[in-house]
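Top to bottom, those sequences are chains A and B. The first sequence begins at 333 in our numbering and counts up by one. The second sequence begins at 28 in our numbering and counts up by one. Even for Gly, the Cβ is constructed at its ideal location relative to N, Cα and C. As the structure is a prediction and not an experimental result, all values here were calculated from the model. Everything on this sheet refers to the single structure shown next.
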Amino acid sequence: TAGITQAPTSQILAAGRSMTLRCTQDMRHNAMYWYRQDLGLGLRLIHYSNTAGTTGKGEVPDGYSVSRANTDDFPLTLASAVPSQTSVYFCASSDSGGHTEAFFGQGTRLTVV
Amino acid sequence: RKEVEQDPGPFNVPEGATVAFNCTYSNSASQSFFWYRQDCRKEPKLLMSVYSSGNEDGRFTAQLNRASQYISLLIRDSKLSDSATYLCVVNPPSYIPTFGRGTSLIVHP
């Protein structure tokens with residue numbers, strides 16, 4: 333079973349360029365999340381979606397946008413990358429209600445230069 | 028105050044030792060609690076859920092204290108393979124998983 337898949341696994345991006353990080357899950361989970369993980373700061377929520385067609389802002393949403401056109405996909409877009417967006421990005425999903433565990437993709441390591 | 032707080036460590040222990048981690052959370056209405064394990068440069072993976080009555084899985088024991096708003100993880104008979112970062116996760120009423128910064132464990136021979 334694939335579970336949750338992210339692409340690309342790593343990327344070097346020039347500052348000012350745009351990029352979309354892809355996330356797809358095949359578990360039919362309603363809720364999906366994007367986190368960034370930086371040394372010493374842990375996992376911080378960027379955006380989330382409780383169900384297809386709805387999204388919400390997390391703790392650090394500035395500079396990022398998301399869409400949720402269907403249940404399976406939850407892409408994260410950087411419209412104009414800046415060096416402070418260098419990070420490891422994790423996509424996750426969980427069943428509605430939040431009483432069950434979240435499953436994570438393998439992460440995307442992004443370097444903005 | 029961060030919603031979920033953990034001592035970052037590192038906890039440096041010999042094989043066979045018992046080690047305990049605590050995690051405090053700020054939202055008293057939080058609904059569910061978990062411990063995740065994260066190996067270097069990998070994604071977090073569920074270690075165990077934490078139930079009100081406490082629960083055990085082999086060498087691992089998790090406990091919840093709602094009155095004091097903390098959860099704990101006890102690892103007995105530590106193995107080298109237990110070396111990792113342990114993340115405390117709390118689901119507040121919004122159900123959005125909220126992570127602590129993680130506690131680093133290093134088990135040495």
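If residue i and residue j are in contact, beta carbons under 8 Å, what's the gap, nearest whole angstrom?
i	j	result
residue 46 of chain B	residue 95 of chain B	About 20 Å; that fails the 8 Å criterion.
residue 368 of chain A	residue 387 of chain A	With 8 Å as the limit, residue 368 of chain A and residue 387 of chain A do not qualify as a contact, their Cβ atoms being about 16 Å apart.
residue 51 of chain B	residue 97 of chain B	5 Å
residue 89 of chain B	residue 79 of chain B	In fact, because the Cβ distance is near 11 Å, the residues do not count as touching under 8 Å.
Rounding to the nearest angstrom, what Cα-Cα distance links residue i and residue j in this structure?
i	j	result
residue 73 of chain B	residue 395 of chain A	30 Å
residue 398 of chain A	residue 58 of chain B	27 Å
residue 348 of chain A	residue 111 of chain B	36 Å
residue 446 of chain A	residue 71 of chain B	This structure does not reach residue 446 of chain A, given that chain A is present from 333 up to 445, and the question cannot be answered.
residue 125 of chain B	residue 34 of chain B	16 Å
residue 66 of chain B	residue 85 of chain B	20 Å
residue 120 of chain B	residue 55 of chain B	9 Å
residue 63 of chain B	residue 419 of chain A	20 Å
residue 335 of chain A	residue 358 of chain A	6 Å
residue 29 of chain B	residue 128 of chain B	10 Å
residue 134 of chain B	residue 371 of chain A	21 Å
Assign residue i to one of two classes, buried (16 or more other C-beta atoms within 10 Å of its C-beta) or exposed (fewer than that).
i	result
residue 378 of chain A	buried
residue 363 of chain A	buried
residue 382 of chain A	buried
residue 31 of chain B	buried
residue 361 of chain A	buried
residue 42 of chain B	exposed
residue 118 of chain B	buried
Which first and last residues belong to the beta strand (DSSP E) in which residue i is found?
i	result
residue 47 of chain B	46-52
residue 97 of chain B	97-102
residue 336 of chain A	336-339
residue 92 of chain B	87-92
residue 117 of chain B	111-118
residue 374 of chain A	374-381
residue 343 of chain A	342-345
residue 30 of chain B	First-last for residue 30 of chain B: undefined, no H or E at that position.
Using the DSSP secondary-structure output, state which residues sit across from residue i in a beta bridge.
i	result
residue 38 of chain B	B/132
residue 73 of chain B	B/63
residue 447 of chain A	Residue 447 of chain A lies beyond the residue range present for chain A, which begins at 333 and ends at 445; the question has no answer from this structure.
residue 424 of chain A	A/365, A/436
residue 351 of chain A	A/410
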